[in-house]
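Protein chains in written order, with our numbering: chain A, 1 to 244; chain B, 1001 to 1246.
For each residue, glycine too, the CB sits at the ideal point set by N, CA and C.
Written out below as structure tokens is the structure these notes cover.
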């Protein structure tokens, strides 16, 4: 299994997609931090937390990474070679889950580091102090990293189930941008807070979700459940389907 | 009697009402080059993919060295396969593609340089595959197949994209593998492509076996090779096609 995980990591780093995603993620995190820092009072801890919380929103990038790890192989037909080398397909999917989740979390840790440095630099330059000992700041950072990891795992599941890269990316973006919102208008917040993106915002402590979202631990459990559900479906489906 | 490395028994694949492959039974002996022939859509690729565990059969089985592909302890060391020239990530370098395949099979990195040299891609190995010609991709595919120095070589339409020099090189490679007791099965829809290389031929048409034997037998039975091939692959229920053969 370790060989397979090493192999998936080798595949990931020998293409450009993951590094482009990381660059996009870091750029978004930096830009995102600039918003609250230029609009909110710098003497309040909530400003720093709000700046860092953008790390959680870039879990969209982690979702794309997860999708890419599987559907990218179908897109370029390298999946044939992968299964020729490892005919036990469920092992391949498990290795992909491990690598995508770790990369999703790792990229988020890098993003969080960058975000904290930017925020600290901004506050220091303006003559304020960084609220390093604020518990909410670290809760947010931890939640954001977990949100990224969970979305990377869900991405692997979606990629394995859909297999078509363009459809998987467009479908999951439409879900996040559109479907959860429409469901919210029809069924109300009591329902939407249990959907993946809303659960993510609660896990990542996005300011908007703190009032009426799930508690952070509840959101973490729910999102882990979604990840396990998608991953199990991915393993089950992948074993059966033909690779044409 | 040569040993049998690939044995196909009652192999079928039906897609709804379409019988892509139907009740196929044949053996591929070691020490020979076996041509796997048939017109486009005859079920060749589906059959090869079933042999390699990529497509699940509706009925029957295909065994390689006595086992289903998925049960081979070291698949890359037992079987090398070239299935399609497009199976590469365009942004990945040729060498990295081979490193990944070697890594799964537990083969040393030195082996990557050896096969690159074997197929004449050493100079291009540091370039991204997106910039490769079709012939270079075929060579990279062959290099991947040769990595584990496998007993069995399975090639699906390997001649596509190869220039005449590449074809001659491939012929020599296949003959050499067979001469050292390996098994080679190579598919094609053009008989002339493999007439100089193959010892035996297995011919399929519309998913069914129509001929299985030494290439020489095909000769004596039906006059010219090309006539025999056409006769064996033509749908005689189709008057226009049947008239063309007569």
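C-beta contact flag for residue i and residue j at 9 Å
i, j, result
"residue 199(A)", "residue 213(A)", "yes"
"residue 55(A)", "residue 141(A)", "yes"
"residue 1010(B)", "residue 87(A)", "no"
"residue 1075(B)", "residue 176(A)", "no"
"residue 114(A)", "residue 26(A)", "yes"
"residue 1167(B)", "residue 1178(B)", "no"
"residue 1184(B)", "residue 243(A)", "no"
"residue 111(A)", "residue 29(A)", "yes"
"residue 1112(B)", "residue 1128(B)", "no"
"residue 1120(B)", "residue 1139(B)", "yes"
"residue 1252(B)", "residue 1050(B)", "A query on residue 1252(B) cannot be resolved here, the shown segment of chain B reaching from 1001 to 1246 and no further."
"residue 273(A)", "residue 123(A)", "Because chain A is modelled from 1 through 244, residue 273(A) falls outside the range shown and cannot be assessed."
"residue 1082(B)", "residue 1008(B)", "no"
"residue 205(A)", "residue 144(A)", "yes"
"residue 47(A)", "residue 60(A)", "no"
Chain B within 9 Å of residue i, Cβ atoms only
i, result
"residue 84(A)", "yes"
"residue 16(A)", "yes"
"residue 102(A)", "no"
"residue 233(A)", "no"
"residue 164(A)", "no"
"residue 96(A)", "no"
"residue 23(A)", "no"
"residue 118(A)", "no"
"residue 4(A)", "yes"
Cut-off 8 Å between Cβ atoms - residues of its own chain near residue i, not counting five sequence neighbours on either side
i, result
"residue 171(A)", "158, 162"
"residue 3(A)", "none"
"residue 226(A)", "150, 154, 196, 199"
"residue 1078(B)", "1064, 1065, 1072, 1148, 1150, 1151, 1152"
"residue 15(A)", "72"
Residue-chain proximity (residue i, chain A), Cβ-Cβ < 9 Å
i, result
"residue 1017(B)", "no"
"residue 1217(B)", "no"
"residue 1088(B)", "yes"
"residue 1132(B)", "no"
"residue 1204(B)", "no"
"residue 1104(B)", "yes"
"residue 1005(B)", "no"
"residue 1092(B)", "yes"
"residue 1172(B)", "no"
"residue 1114(B)", "no"
"residue 1246(B)", "Reliability fails at residue 1246(B), whose pLDDT of 46 lies under 50, so the model's placement of it is uncertain and the value that follows must be treated cautiously. With 9 Å as the cut-off, residue 1246(B) does not count as an interface residue toward chain A."
"residue 1014(B)", "no"
"residue 1144(B)", "yes"
"residue 984(B)", "Lying outside 1001 to 1246, the shown extent of chain B, residue 984(B) is not represented and no answer is given."
Cβ-Cβ separation, residue j to residue i (assumed contact under 8 Å), whole Å
i, j, result
"residue 1205(B)", "residue 1038(B)", "6 Å"
"residue 1006(B)", "residue 1023(B)", "That belief does not hold up - the Cβ atoms of residue 1006(B) and residue 1023(B) are roughly 17 Å apart, past 8 Å."
"residue 1134(B)", "residue 1115(B)", "Not quite, the Cβ-Cβ distance comes to about 19 Å (not below 8 Å), so this is no contact."
"residue 156(A)", "residue 17(A)", "About 14 Å separates the two Cβ atoms, so there is no contact after all."
"residue 5(A)", "residue 99(A)", "6 Å"
"residue 10(A)", "residue 1099(B)", "7 Å"
"residue 202(A)", "residue 219(A)", "4 Å"
Residues of its chain near residue i, where Cβ-Cβ distance is below 6 Å and the 5 sequence neighbours each way are ignored
i, result
"residue 101(A)", "149, 152, 153"
"residue 1198(B)", "1033, 1035, 1215"
"residue 1001(B)", "Confidence at residue 1001(B) is low in this model, with a pLDDT of 46, below 50, so the placement of that residue should be treated as unreliable; the coordinate-derived value is given next. Within the same chain, residue 1001(B) has no close Cβ partners at all."
Sequence-distant residues of the same chain with beta carbon closer than 7 Å to residue i, five excluded per side
i, result
"residue 1157(B)", "1187, 1188"
"residue 73(A)", "79, 82"
"residue 118(A)", "30, 33"
"residue 1013(B)", "1020, 1021, 1046, 1050, 1055, 1057, 1058"
"residue 139(A)", "205, 216"
Chain E contact residues for residue i, given Cβ-Cβ distances below 8 Å
i, result
"residue 238(A)", "Chain labels in this structure do not include chain E; the protein chains are A and B."
Mind listing, in chain order, the continuous alpha helix (DSSP H) runs of no fewer than 4 residues lying wholly within the segment 10 to 72 of chain A? 17 to 39, 45 to 52, 54 to 57
List, from N- to C-terminal side, the alpha helix (DSSP H) runs of 4 residues or more that fit wholly inside the segment 1040 to 1090 of chain B. 1044 to 1051, 1075 to 1078
Every unbroken beta strand (DSSP E) inside the segment 1122 to 1209 of chain B [3 residues or more]: 1152 to 1156, 1183 to 1188, 1200 to 1205
Along the chain, which unbroken stretches of the alpha helix (DSSP H) at least 4 residues long are found entirely within the segment 131 to 199 of chain A? 135 to 162, 165 to 174, 180 to 187, 189 to 192
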